[in-house]
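So the number in the working numbering is just where the residue sits in the sequence shown, counting from 1, plus 10. Note that the Cβ used here is the ideal one computed from N, Cα and C, for glycine as well.
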Amino acid sequence: MPDLTEEGIDLTSLIKEIEVFYLKKALEKASGVKTKAARLLKLNRTTFIEKLKKYNLV
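In structure tokens:
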């Protein structure tokens with residue numbers, strides 16, 4: 011995690027980076043099965059798919 015300095019941090023970019031990391035990791039652990047990957051992240055399957063689309067991971 012980056013330190014919060016006087017210059018600040020780009021929270022939006024940081025959140026995107028974390029989400030993309032865990033979306034990919036969940037898909038990998040679930041062998042590409044989206045329902046299982048969504049469950050690993052405790053997300054509704056629809057929400058999971060929306061996030062994949064948002065980050066162009068589909």
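In the structure shown, A40 adopts coil according to DSSP, grouped into three states. Contact between L51 and Y32 holds: CB atoms are separated by about 6 Å, below the 8 Å threshold. Per DSSP, reduced to three states, the secondary structure at E60 is helical. Residue environment for L24: exposed (fewer than 16 other C-beta atoms within 10 angstroms of its C-beta). One thing to note: K34 has its Cβ no nearer than 8 Å to the Cβ of A40.
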